[in-house]
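Undergrad:
Protein chains: 2
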Amino acid sequence: MPQLTPTDQTRMVRGAKRANYDTDTVHAIIDAALICHVAQILPGQKPLVTPTAHWRDGSWLYWHGLASARNVAATPAQPVCINICLVDGLVMARSAFHHSVNYRSVTLFGVPETITDPAEKEHQLERFLDRVSPGRWPQLRPITASELKATGLVRLSITEASAKVRNGPPVDDEADSDWPVWAGVMPLQRTWGNPEPDPAGLQPGVEPPLMG
Amino acid sequence: MPQLTPTDQTRMVRGAKRANYDTDTVHAIIDAALICHVAQILPGQKPLVTPTAHWRDGSWLYWHGLASARNVAATPAQPVCINICLVDGLVMARSAFHHSVNYRSVTLFGVPETITDPAEKEHQLERFLDRVSPGRWPQLRPITASELKATGLVRLSITEASAKVRNGPPVDDEADSDWPVWAGVMPLQRTWGNPEPDPAGLQPGVEPPLMG
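Just so you know, the sequences run in chain order R and S. Per the UniProt record's numbering, the very first residue in the first sequence carries number 1; after that it's consecutive. Per the UniProt record's numbering, the very first residue in the second sequence carries number 1; after that it's consecutive.
(1) What is the rounded straight-line gap between the Cα of Glu120 (chain S) and the Cα of Phe97 (chain R)?
(2) Measuring alpha carbon to alpha carbon, tell me which of R:Pro208, R:Pro187 and R:Glu160 ends up nearest Leu90 (chain R).
(3) Mind checking whether Asp176 (chain S) and Arg56 (chain S) have CB atoms under 7 angstroms apart?
(4) Find the nearest neighbour of Ala28 (chain R) within the set R:Trp182, R:Glu174, R:Ile158 and R:Trp192, judged by alpha-carbon distance.
(5) Once the 5 residues before and after Gly135 (chain S) are set aside, which same chain residues still bring their CB inside 7 angstroms of it?
(6) Nearest CA to the CA of Cys85 (chain S): which residue from S:Tyr21, S:Val106, S:Thr5 and S:Glu126?
(7) List, from N- to C-terminal side, the beta strand (DSSP E) runs of 3 residues or more that fit wholly inside the region 7 to 93 of chain R.
(8) Would you check if the distance between the CB atom of Asp88 (chain S) and the CB atom of Asn102 (chain S) is smaller than 7 angstroms?
(9) Just reading off the alpha helix (DSSP H) that residue 241 (chain R) is part of, what are its end residues?
(10) What are the partner residues of Trp192 (chain R), as DSSP defines its beta bridges?
(11) Let me check understanding here. Comparing Cα to Cα, which of R:Leu140, R:Asn167, R:Val132 and R:Phe128 lies closest to Pro61 (chain R)?
(12) Take the Cβ of His99 (chain R) as the centre, count every other Cβ of all protein chains shown within 10 Å, and call the residue buried at 16 or more, exposed below.
(13) Can you give me the C-alpha to C-alpha distance between Phe109 (chain S) and Val80 (chain S), rounded to a whole angstrom?
(14) In the DSSP assignment, find the alpha helix (DSSP H) that holds Glu122 (chain R) and state where it starts and stops.
(15) Would you mind sorting Gly65 (chain R) into buried or exposed? The rule is 16 or more other CB atoms within 10 Å of its CB.
(16) Which word fits Pro47 (chain S), buried or exposed, when buried means at least 16 other C-beta atoms lie within 10 angstroms of its C-beta?
(17) Should Leu140 (chain S) be flagged as near chain R, meaning a C-beta pair shorter than 7 angstroms?
(18) Does the Cβ-Cβ distance between Thr10 (chain R) and Glu113 (chain R) come in under 7 angstroms?
(19) Report yes or no: is there a C-beta of chain R within less than 7 angstroms of the C-beta of Met186 (chain S)?
(20) Ends of the beta strand (DSSP E) at Leu140 (chain R)?
(21) Shortest alpha-carbon distance to residue 225 (chain R) belongs to which of S:Gly58, S:Leu4 and S:Pro195?
(22) So which of S:Ala32, S:Gly212 and S:Ser68 has the shortest CA-CA distance to Val154 (chain S)?
(23) If we call anything under 7 angstroms between Cβ atoms a contact, is His37 (chain S) one with Val49 (chain R)?
(24) Against chain S, does Asp88 (chain R) count as a neighbour if the rule is that its beta carbon must be under 7 angstroms from one of theirs?
(25) Is the distance from the Cβ of Thr23 (chain R) to the Cβ of Leu42 (chain R) below 7 angstroms?
(26) Using a Cβ-Cβ cut-off of 7 angstroms, state whether Asp198 (chain S) counts as contacting chain R.
(27) Could you tell me the boundaries of the beta strand (DSSP E) in which Glu113 (chain R) lies?
(28) For Asn83 (chain S), go through chain R and note every residue whose CB falls closer than 7 angstroms to its CB, in chain order.
(29) Using DSSP with H/G/I as helix, E/B as strand and the rest coil, what is Glu160 (chain S)?
(30) Quick one: Cα of Gln78 (chain S) to Cα of Pro6 (chain S), how far?
(31) Using a threshold of 7 angstroms, state whether the C-beta atoms of Leu34 (chain S) and Ala53 (chain S) are closer than that.
(32) Excluding the five sequence neighbours on either side, which residues of its own chain have a C-beta within less than 6 angstroms of the C-beta of Ala163 (chain R), listed in chain order?
(33) When the cut-off is 7 angstroms and only beta carbons count, does Glu120 (chain R) lie next to chain S?
(34) Nearest by alpha-carbon distance to Pro51 (chain S): which of S:Ala200, S:Asp31, S:Pro142 and S:Asn83 is it?
(35) The beta strand (DSSP E) spanning Thr107 (chain S) covers which residue range?
(36) According to the neighbour-count rule (16 or more other Cβ atoms, all chains shown, within 10 Å of its Cβ), is Val132 (chain S) buried or exposed?
Below, the structure is given as structure tokens:
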């Protein structure tokens with residue numbers, strides 16, 4: 001399987017056995033998550049981290065926002081670090097020390113670039129929505145030129161990236177194997193709840209959206 | 001209700017109507033989340049963001065890890081920015097532009113400090129586990145001095161902090177109110193799945209843990 005090349009920033013020292021540079025694994029984790037956390041350095045040497053929705057097109061990670069938002073306006077040509085983390089469960093061991101979390105995490109480094117071409121912006125926004133709710137884009141009131149202009153679009157190459165994954169049961173000290181406490185995994189699940197129709201405006205007699 | 005005082009870093013310019021400096025709101029969001037994202041600046045002006053489990057004691061946010069982990073060893077006396085974000089649903093509007101996310105988010109700034117006193121470390125780790133699974137700590141094989149030593153504990157004062165919250169239905173352009181597409185909120189729910197007992201070791205005839 002294709003592999004990403006570890007760099008000084010992505011080569012894992014701690015928890016190296018959980019490190020994964022497989023491109024498909026990295027892409028699958030990115031695709032499974034709705035939001036990422038973008039870290040950047042503001043003037044005055046101040047770190048800033050902001051949550052934002054993201055999507056992927058091939059080997060590029062995209063995010064958008066108001067064109068003036070700091071994680072959109074101030075990141076191009078500046079180094080960022082992005083993390084995506086899905087918590088899959090809590091690992092309940094027989095000692096406090098071996099309690100853990102089952103998770104899938106991707107960390108990316110790089111310098112983002114801005115997309116300014118309106119047609120490419122529209123194409124990517126359609127991709128984004130299509131990932132969230134397949135087939136919805138053509139049903140919507142079409143996007144306008146001024147809405148496109150107000151939307152900033154940024155992307156980062158998925159090149160300097162790594163995944164870190166923990167799954168499976170607790171790993172206890174052998175001496176604790178018969179300690180009389182329940183041990184195992186409490187899975188954490190994410191599901192869509194019942195659709196909540198907008199009480200305002202007209203609600204046509206159509207089905208709630210399909211969710212990707 | 002007690003309020004946090006906005007600073008240059010926490011005073012919101014964009015989305016100011018969603019800003020919230022109410023202490024109880026900030027604390028409740030922190031308590032509802034399992035993980036936070038810690039952003040720091042590494043030597044060479046490189047941003048780093050890492051996900052980590054957190055807990056709260058009064059007006060302090062705590063996190064822990066291997067004593068050598070970068071978000072534990074390298075953050076004290078250095079500025080960090082921390083975000084906690086709970087995605088509550090996707091807001092499906094009648095135009096792409098007004099699609100949104102319902103969320104509860106807290107952002108904190110400050111300089112963390114390390115806790116080195118073993119008794120205080122043990123007390124806080126017990127608080128952490130008790131929040132995740134009330135009553136579990138006394139059932140476990142007791143923590144050892146070397147385990148305590150290997151665990152780094154860091155805390156940040158919840159002082160320079162703000163919450164940002166969006167909830168409720170889409171807010172469409174008035175002209176779009178009768179556009180023939182389903183509009184509303186798709187709630188995202190998090191639930192505990194069926195406990196998965198550890199296949200290794202002895203599994204005593206006890207109930208799975210109570211989850212907080």
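Even for Gly, the Cβ is constructed at its ideal location relative to N, Cα and C. Please read these numbers as outputs of a predicted model, since none were measured by experiment.
TA: A quick look at the data gives this:
(1) Approximately 16 angstroms, taken between the alpha carbons.
(2) Out of R:Pro208, R:Pro187 and R:Glu160, the CA that lies nearest to the CA of Leu90 (chain R) is found in R:Pro187.
(3) No; because the gap between Cβ atoms is not below 7 angstroms, this pair is not in contact.
(4) Of the candidates R:Trp182, R:Glu174, R:Ile158 and R:Trp192, the one whose C-alpha sits nearest the C-alpha of Ala28 (chain R) is R:Ile158.
(5) Only Leu210 meet the Cβ criterion.
(6) Looking at the Cα atoms, S:Val106 is the closest of the given residues.
(7) Qualifying beta strand (DSSP E) stretches, in chain order: 35 to 42, 46 to 57, 60 to 66 and 80 to 92.
(8) It is a contact, given that the beta carbons lie within the stated cut-off.
(9) Residue numbering for chain R in the displayed model covers 1 to 212; residue 241 (chain R) lies beyond these limits and cannot be assessed.
(10) Beta-bridge partners assigned by DSSP to Trp192 (chain R): S:Leu188.
(11) For clarity, residue 61 (chain R) is Leu in the given sequence; the question names Pro instead. It is R:Phe128 whose Cα lies nearest to the Cα of Leu61 (chain R).
(12) That one is buried.
(13) About 6 angstroms.
(14) Judged by DSSP secondary structure, Glu122 (chain R) falls within the alpha helix (DSSP H) whose first and last residues are Pro118 to Val132.
(15) With 16 or more Cβ atoms within 10 Å of its Cβ, Gly65 (chain R) is classed as buried.
(16) Around the beta carbon of Pro47 (chain S), a 10 Å sphere encloses 16 or more other beta carbons of the protein chains shown; the residue is thus reported as buried.
(17) Output row for Leu140 (chain S): interface = yes.
(18) Going by C-beta atoms, Thr10 (chain R) is not nearer than 7 angstroms to Glu113 (chain R).
(19) Answer yes: the Cβ-Cβ gap between Met186 (chain S) and chain R drops below 7 angstroms somewhere.
(20) Neither: Leu140 (chain R) is in no beta strand (DSSP E) and is coded neither H nor E.
(21) Given a span of 1 to 212 for chain R in the structure shown, any question on residue 225 (chain R) remains unanswerable.
(22) Across the set S:Ala32, S:Gly212 and S:Ser68, the C-alpha of S:Ser68 shows the shortest separation from the C-alpha of Val154 (chain S).
(23) For the 7 angstroms CB-CB criterion, His37 (chain S) and Val49 (chain R) form a contact.
(24) Residue contact check for Asp88 (chain R) against chain S: no CB pair falls below 7 angstroms.
(25) Going by C-beta atoms, Thr23 (chain R) is not nearer than 7 angstroms to Leu42 (chain R).
(26) Output row for Asp198 (chain S): interface = yes.
(27) Counting along the chain, the unbroken beta strand (DSSP E) around Glu113 (chain R) starts and ends at Glu113 to Ile115.
(28) The contacting residues are His37, Val49, Thr50 and Pro51.
(29) Of the three classes helix, strand and coil, the one that applies to Glu160 (chain S) here is strand, per DSSP.
(30) Roughly 21 angstroms separates the two Cα atoms.
(31) In contact: Leu34 (chain S) and Ala53 (chain S) (Cβ atoms closer than 7 angstroms).
(32) Within the same chain, Ala163 (chain R) has close Cβ partners Asn20, Thr25, Val26, Ile29 and Val106.
(33) It does not: the Cβ of Glu120 (chain R) has no partner Cβ on chain S nearer than 7 angstroms.
(34) Between Pro51 (chain S) and the set S:Ala200, S:Asp31, S:Pro142 and S:Asn83, the nearest pair of CA atoms involves S:Asn83.
(35) Counting along the chain, the unbroken beta strand (DSSP E) around Thr107 (chain S) starts and ends at Ser100 to Gly110.
(36) Label assigned to Val132 (chain S): buried.
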